[in-house]
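Working notes, structure below.
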Amino acid sequence: MLSSFGLSDLGCVRTNNEDSFLVDPELGLYVVADGMGGAEAGEVASQIAVQSVQSFLKSTSIRDADTLVRAIEHANQRILDAANNDPRRKGMGTTLVCLLETGGDCIVANVGDSRAWLLQGETLEQLTQDQSWVNEVGRPLGISEENLRVHPMRHVLTMALGVGPDVRVQVFPVEVPPGSLVLLSSDGLHGVVPEEEIRETLLHPISLEHRAHLLIEAARAAGGPDNITVVLIQH
């Protein structure tokens with residue numbers, strides 16, 4: 280049995296929260312989505328993504344990687360449809376990262392640069408690979424991490440939901456052993472809080488809720504330039 284907790288915060292700069300998250304233990308589904316687009320369109324996109332994946336998985340008893348990918352593709356189409364029906368929402372999109380319980384191992388899927396992490400023992404491992412210019416273009420070109428942190432392309436995604444009919448979903452099984460912890464985060468956390476600080480916070484022998492609040496506080500202390508969302512799942 281997994282225990283879980285989710286928390287989202289406006290941050291210190293933004294005037295509205297375009298992140299959405301889902302904690303659904305009954306369905307075994309946990310999601311973080313980071314929306315983008317003006318006039319609250321990003322907020323709409325992330326909400327559609329979360330709700331669409333949830334409703335798709337509620338409609339089937341099959342729990343495998345193919346089904347999760349189809350759920351995310353369904354969410355992508357729903358966002359495109361909503362944008363086509365309302366000119367104010369044209370160009371809206373969202374990242375998405377999720378964990379699905381399958382009865383055995385879990386499945387993690389992501390689109391964009393929201394992340395899934397696994398804390399096992401004292402080791403924190405980033406499970407997902409960012410679909411971003413930095414990760415897919417900058418690093419292969421050999422640009423230093425120092426320069427990537429200030430590069431004008433550092434916020435550019437190479438994939439997101441809502442940008443076109445074809446979406447590249449990364450999906451893979453993950454073993455979540457007893458005592459381990461999964462973190463789902465928007466880049467409002469990992470974009471400003473160093474990985475080592477995230478690891479040390481997760482290692483605190485306190486409740487998931489308290490750890491979630493500490494992560495949010497760390498991002499706000501670092502300037503909180505973006506919305507901040509975390510979902511914690513512990514075995």
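Using my numbering, the first residue of the sequence shown is number 280, and each one after it goes up by one.
Every residue gets a Cβ at the ideal spot worked out from N, C-alpha and C, and that includes glycine.
Since this is a predicted model, take the numbers as computed values, not measurements.
Supposed contact pair Thr402 and Ala324 - C-beta distance, whole angstroms, cut 8 Å: Taking the sequence shown and counting its residues from 1, one reaches residue 324 at position 45. Taking the sequence shown and counting its residues from 1, one reaches residue 402 at position 123. Actually they do not touch by this definition, with Cβ atoms about 34 Å apart.
Residue nearest to Ser486 in terms of C-alpha spacing, selected from Val510, Val453, Val435: Along the sequence shown, one-based indexing puts residue 486 at 207. Checking every option, the nearest Cα to that of Ser486 belongs to Val510.
Exposure of Ser465, with buried meaning 16 or more beta-carbon neighbours within 10 Å: Taking the first residue of the sequence shown as position 1, residue 465 is located at position 186. Result: buried.
Alpha helix (DSSP H) segment containing Leu336, residue limits: The sequence position of residue 336 within the sequence shown is 57, counting from 1. Per DSSP, Leu336 belongs to the alpha helix (DSSP H) from 320-337.
Coarse secondary structure for Arg447, derived from DSSP in three states: The count along the sequence shown starts at 1 and reaches residue 447 at position 168. Annotated three-state conformation of Arg447 is coil, per DSSP.
C-beta contact flag for Leu463 and Arg394 at 9 Å: Stepping through the sequence shown from its first residue, residue 463 is reached at position 184. Stepping through the sequence shown from its first residue, residue 394 is reached at position 115. Cβ atoms of Leu463 and Arg394: closer than 9 Å.
Segment contact, 8 Å Cβ cut-off, at least three pairs: the region 339-350 with the region 400-418: no
Pair within 9 Å by beta-carbon distance, Asp288 and Ile507: The residue you call residue 288 lines up with position 9 of the sequence shown. The residue you call residue 507 lines up with position 228 of the sequence shown. Their beta carbons are under 9 Å apart, which means Asp288 touches Ile507 by this criterion.
Rounded separation between Ala498 and Glu475 - CA only: Your numbering for residue 498 matches position 219 in the sequence shown. Your numbering for residue 475 matches position 196 in the sequence shown. Each residue's Cα considered, the two are about 13 Å apart.
Own chain, CB closer than 8 Å to Asp384, minus 5 neighbours either side, in chain order: Here residue 384 is taken as the residue at index 105 of the sequence shown, counted from 1. Counting only Cβ-Cβ distances below 8 Å, and skipping sequence neighbours, we find Pro452, Val453, Glu454, Val455.
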